[in-house]
Amino acid sequence: MNKINKIHSRFVPLQEENVDTDQIIPARFLKATTRDGFGKNLFRDWRYANDNELEPKPSFILNDASYNGQILVAGKNFGCGSSREHAAWAIKDYGFTVVVSSFFADIFKNNALNNGLLPITVSESFLATIFGLDKEASLSVCLEDQTIAIDATGAIEKFDINAYKKTCLLNGYDDIDYLLSNKAAIENFEKNRN
Amino acid sequence: MGKTLFEKIWDTHIVQEVTEGPSVLYIDKHFIHEVTSPQAFKGIEDRGISIFRPDHIVATADHNVPTQNQHLPITDALSRFQVDTLIDNCKNHGIELYGLGHEHQGIVHVIGPELGITQPGMTIVCGDSHTSTHGAFGTIAFGIGTSEVEMVFASQCLLQTKPKLMRINIEGALGKGVVSKDIILYIIAKISASGATGYFVEYAGSAVRALSMEARMTICNMSIEMGARGGLIAPDQTTFDYLKGRTFAPTAAAWDTALNYWQTLCSDADAVFDLELNIDASDIEPMITYGTNPGLGIGITKNVPTPANMQDEGEQKNLEKALRYMGLTAGQSLMGMPVQHVFIGSCTNSRIEDLRLVAALVKGKTKNPDVQVMIVPGSQKVAKQVVQEGLDLIFKEAGFEIRQAGCSACLGMNEDKIPAGEYCVSTSNRNFEGRQGAGARTLLASPLTAAAAALTGVVTDVRTLL
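Protein sequence lines correspond, in order, to chains A and B.
Just so you know, we're using the numbering used here here: the first sequence kicks off at 864 and counts up by one.
Just so you know, we're using the numbering used here here: the second sequence kicks off at 100 and counts up by one.
Written out as structure tokens, the structure is:
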């Protein structure tokens, strides 16, 4: 897995709440058997009219070339609904490294963390401040310090992350490495309960 | 201090605590299906390791299968490849597969319980958020992502942080025409689509105790729709009676041992929850959703809320957007509104009792000619039972189309979709934009309310037909 620590980037503001994983990646694109290439269908039905890449909806933020960056900023309860990890793959494949919201759905948050996509939970007021910034503004994320800052104003907020998950992201470890290193304990557990 | 039901199960499945981190949680049963497993199999193969406990895994094909002509090869090439990949993976790794053509095939959350694979006290996971369904048996059951599927393949364990615990007590008797789907839609409407995020929910109270196992499954199934990781109900005599004699339920002495353990699975009287909610069952009327998340629901006689009356600006905007998508007007009543489709199926409501409820209402009647009605049994076993009980004749006479087992029009993935702009009263679990097909407009309701709409062609208070 990729390592994450400091990210300095502009951002894409998606001012919607309760963005569910069916919007992030509609089910009809879940027929693949690999993890690659989901980015082109990210927010497919919000992005294109008539399911046609030649008909981008101009009002949708991803179709506005004046916004870009590695950070997606969205309203509360982001990633609710289906457990499809394809949602995290699509966001990552599109080019985002960080998703900022005031509230994440549980399964999405785990899926993001398991894919080197950093979900940052900020306060409602900090989120509102970010949404109020102009499109040239940039943000600085430091996982080590657990901070997210608005470069222009210096406004900064600390965010929470599980200490174990933080270590994984900083070093590019995944849970499977950890679990495999505990095989003996797992086998022992099985023996003792029988 | 006593323990909650959740804690009793959780504590006996902890292999190891990780300092300042999650715990290593042992998983008893792992269900897999064609959509969220292929990348996990590939991950295991790329690492050059084998599946640690293949005998703890059960596979079926459900999301991406057609619901007609299942004996023929799947027409859609991508779907066929995905289903074939599951067959190959299961064969290569020694996993039991109930694929198309197998008598046990069906929606993963329907077959687990009906085969007696799901048993009280277990930890159960599946790469599907509706895994919470199995909680109806007093299990810790929750949906996971594909990376986590791979973790369970590798180690039969997951790294998990203990969630907060909520108990929802539902006391009293349900009114006429009100069923378990209405209970859960009522709860979600009350606490919102994110109201239980971070929690595992125990459902308790006399109204829950009075429900059958299948009705309890409907409630636990939709726990995720309020953000909860899972939901569970303490096992009782109803649970034990349901399980006894099922294909994979314990027998003879093993049954007695299991039963002794199962009877200890309840929250102690002095157990403490992080949050408790109390609901009066008699307040619940048949429910229907009007918006684009399951929290946007109302009693059938109520009016759609008005955005201008919302205090929170964000909620106001959400509601306006939802009503625009749904083609509805603030303050309107849904009753009498024409619908073009009725879908009776999904892991929420495709079990034999659901179909019996529908049959009892429509017996001897015919559907409205302007509505298409699709009825999709949750499993081959349910489909067979429909025929054995003669329900198929009732449905055919009513003009309903009976399909073969699968997830069908719940998720707009397979061939069964609702056309853009059209309304569907659906017994499924999600009314997200495009969930049942791009542009489709979903009204979530109980099997009874869906059957009522099938007969009248409009949104109907089923109590007027009883």
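All C-beta atoms in this analysis are idealised placements derived from N, C-alpha and C, irrespective of residue type, glycine included.
Range covered by the alpha helix (DSSP H) that runs through residue i
i	result
B:T338	336 to 342
B:H425	At residue 425 of chain B the sequence reads Met, which differs from the His that was named. Its alpha helix (DSSP H) spans residues 412 to 425.
B:P212	207 to 213
A:T884	884 to 887
A:S988	987 to 995
B:G329	Per DSSP, B:G329 belongs to no alpha helix (DSSP H); it is in the beta strand (DSSP E), 329 to 331.
B:D183	176 to 192
Spatial neighbours of residue i in its chain, beta-carbon cut-off 6 Å, leaving aside the 5 residues before and after
i	result
B:P137	T184
B:G538	A519, G520
B:L456	P546, L547
B:N268	A303, G304, N377
A:F892	N904
B:M425	R540
B:I451	V481, Q484
B:K516	G536
Rounded C-alpha distance that separates residue i from residue j
i	j	result
A:T984	A:G938	11 Å
B:E195	B:P212	16 Å
B:G463	B:G498	11 Å
B:E514	B:G444	15 Å
B:T232	B:V441	23 Å
A:V962	A:Q933	9 Å
B:V251	B:L257	6 Å
B:G120	B:C523	45 Å
B:V224	A:T960	28 Å
A:D1008	A:V936	20 Å
B:L264	B:G101	14 Å
A:A912	B:T428	24 Å
A:N986	A:S965	Per the sequence presented here, residue 986 of chain A reads as Ser, with Asn not at that position. About 5 Å.
A:C943	A:A890	14 Å
B:A380	B:T118	43 Å
A:N973	A:D1038	11 Å
B:P172	B:T103	48 Å
A:L996	B:V558	45 Å
B:D367	A:A1026	32 Å
Residue-level contact to chain C via CB, residue i, 7 Å cutoff
i	result
B:Q169	Any reference to chain C falls outside this structure, whose protein chains are A and B.
Selection from the options that minimises the alpha carbon distance to residue i
i	options	result
B:A235	B:P219, B:S228, B:T135	B:P219
B:T317	B:V558, B:K416, B:L543, B:D335	B:L543
B:I290	B:G489, B:T548, B:L395	B:L395
B:A553	B:G413, B:M436, B:R328, B:H203	B:M436
B:I131	B:Q169, B:T338, B:H208	B:H208
B:D411	A:P889, A:E880, A:F994, A:K869	A:E880
A:S872	A:D1014, A:D885, A:W952, A:L905	A:D1014
B:N392	B:V481, B:H192, B:A421	B:A421
A:F906	A:D899, A:I887, A:K920	A:I887
A:G1035	A:F941, A:N1055, A:I924, A:L980	A:L980
A:S1003	A:D997, A:I1011, A:N868	A:I1011
Cβ shell of residue i (< 8 Å), same chain only, five flanking positions each side left out
i	result
B:W354	K343, A348
A:G958	G902, Q933
B:L358	F339
B:A407	Q415, A429
B:K495	I501
B:G383	Reading off the sequence shown, one finds Ile at residue 383 of chain B, where the question assumed Gly. So the list reads L273, G274, V277, D281, I282, Y285, G398, once near-sequence residues are dropped.
Own chain residues within Cβ distance below 7 Å of residue i, not counting five before or after
i	result
A:F989	E1020
B:I210	T159, Y197, H203, S478
B:G276	P385, L547, V561, R562, L565
A:S945	T884, D885
Beta strand (DSSP E) segment containing residue i, residue limits
i	result
A:K1021	1019 to 1021
B:T222	222 to 225
B:C523	522 to 525
B:M265	263 to 270
B:M434	Segment: none, B:M434 is in no beta strand (DSSP E) and carries neither H nor E.
B:A306	Premise fails: B:A306 lies in the alpha helix (DSSP H), 305 to 308, not in any beta strand (DSSP E).
B:P546	First-last for B:P546: 546 to 555, but that is the alpha helix (DSSP H), not the beta strand (DSSP E).
B:A519	Note, B:A519: premise wrong, no beta strand (DSSP E); not H, not E.
Chain B contacts made by the stretch 984 to 1006 of chain A, where a contact means CB separation under 8 Å: none
Contact list for the stretch 504 to 515 of chain B against chain A, Cβ threshold 8 Å: L510, G511, M512
Going along the chain, which residues of the stretch 180 to 197 of chain B sit with their C-beta nearer than 8 Å to a C-beta in chain A? F180, Q181, T184
Check each residue of the stretch 885 to 905 of chain A: if its Cβ is closer than 7 Å to any Cβ of chain B, include it; give the result in chain order. D885, Q886, P889, A890, R891, L893, K894, T896, T897, R898
For the stretch 394 to 426 of chain B, which residues have a beta carbon sitting closer than 7 Å to at least one beta carbon of chain A? G413, N417
Identify each residue in the stretch 107 to 137 of chain B for which the Cβ-Cβ distance to at least one residue of chain A is less than 7 Å, and report them in chain order. V114, Q115, V117, E119, G120, P121, V123, Y125, V134, T135, P137
Compile a chain-ordered list of the residues in the stretch 524 to 539 of chain B whose CB is closer than 9 Å to at least one CB of chain A. R529, F531, E532, G533, R534, G536, A537, G538
Select from the stretch 285 to 306 of chain B all residues with a C-beta closer than 8 Å to any C-beta belonging to chain A, and list them in chain order. A292, S293, T296, G297
Name the residues in the stretch 255 to 280 of chain B whose C-beta lies less than 7 Å from a C-beta of chain A; which are they? Q255, C256, L258, T260
Short-range partners of chain A found in the stretch 212 to 229 of chain B, where Cβ spacing is below 9 Å: C225, G226, D227, S228, H229
Check distances from the C-beta atoms of the stretch 955 to 988 of chain A to those of chain B and list, in chain order, the residues that come in under 7 Å. F966, A968, D969, I970, N973, N974, N977, N978
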